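Reminder that position 53 of the sequence shown reads as 54 in our numbering, one-by-one numbering, no gaps.
Single-structure report; data block below.
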Amino acid sequence: MTDFREAWDRVAALQGETFRTERGQEFSYQFKKTFVVVSPGDQSIPRTNFEKVFKQSPKPVQGQRHIEAIYADERFRA
Numbered sequence: 002m003t004d005f006r007e008a009w010d011r012v013a014a015l016q017g018e019t020f021r022t023e024r025g026q027e028f029s030y031q032f033k034k035t036f037v038v039v040s041p042g043d044q045s046i047p048r049t050n051f052e053k054v055f056k057q058s059p060k061p062v063q064g065q066r067h068i069e070a071i072y073a074d075e076r077f078r079a
């Protein structure tokens, strides 16, 4: 997948599903137009952070573990 818009649409389609970080922490999220809200914890992760991770920015961003877990999931890559 080379287009971030397509990736963002997939993030939207997977809201409410359960994911697991590399450390085994389970979470789900609600999709909003420009951000997602991760539960548990009610952490908001902006769309721009998803885009930075998608483009493999060398600098860490807020929510990176959650973003990477979503991107690594087979449901996202399908």
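Here a beta-carbon is modelled for each residue, glycine too, at the ideal position from N, C-alpha and C.
This one's a predicted model, so the numbers in the text were calculated from it and none came from an experiment.
- Message: So, with DSSP's three-state summary, where would you put V12?
- Response: Here residue 12 refers to the residue found at position 11 when the sequence shown is read from its first residue. In this structure, V12 counts as helix in the three-state DSSP scheme.
- Contact the region 29–48 vs the region 61–68: 3+ CB pairs below 8 Å: The region 29–48 vs the region 61–68: in contact.
- N- and C-terminal bounds of the beta strand (DSSP E) containing E23: Counting from one through the sequence shown, the residue named residue 23 turns up at place 22. Going by DSSP, E23 is part of no beta strand (DSSP E) at all; its letter is neither H nor E.
- Task: Please go through the same chain and pick out, in chain order, the residues whose beta-carbon is closer than 6 Å to the beta-carbon of F55, but skip the five residues on each side of it.
- Result: Counting from 1 along the sequence shown, the entry for residue 55 is found at position 54. Within the same chain, and ignoring the five residues on either side of F55 in sequence, the residues whose Cβ sits closer than 6 Å to its Cβ are F5 and A8.
- Item | Same chain, Cβ closer than 8 Å to N50, neighbours up to 5 away in sequence not counted | For the purposes of this step, residue 50 is taken as residue 49 along the sequence shown, with counting starting at 1. The residues are V62, Q63, G64, Q65 and I68.
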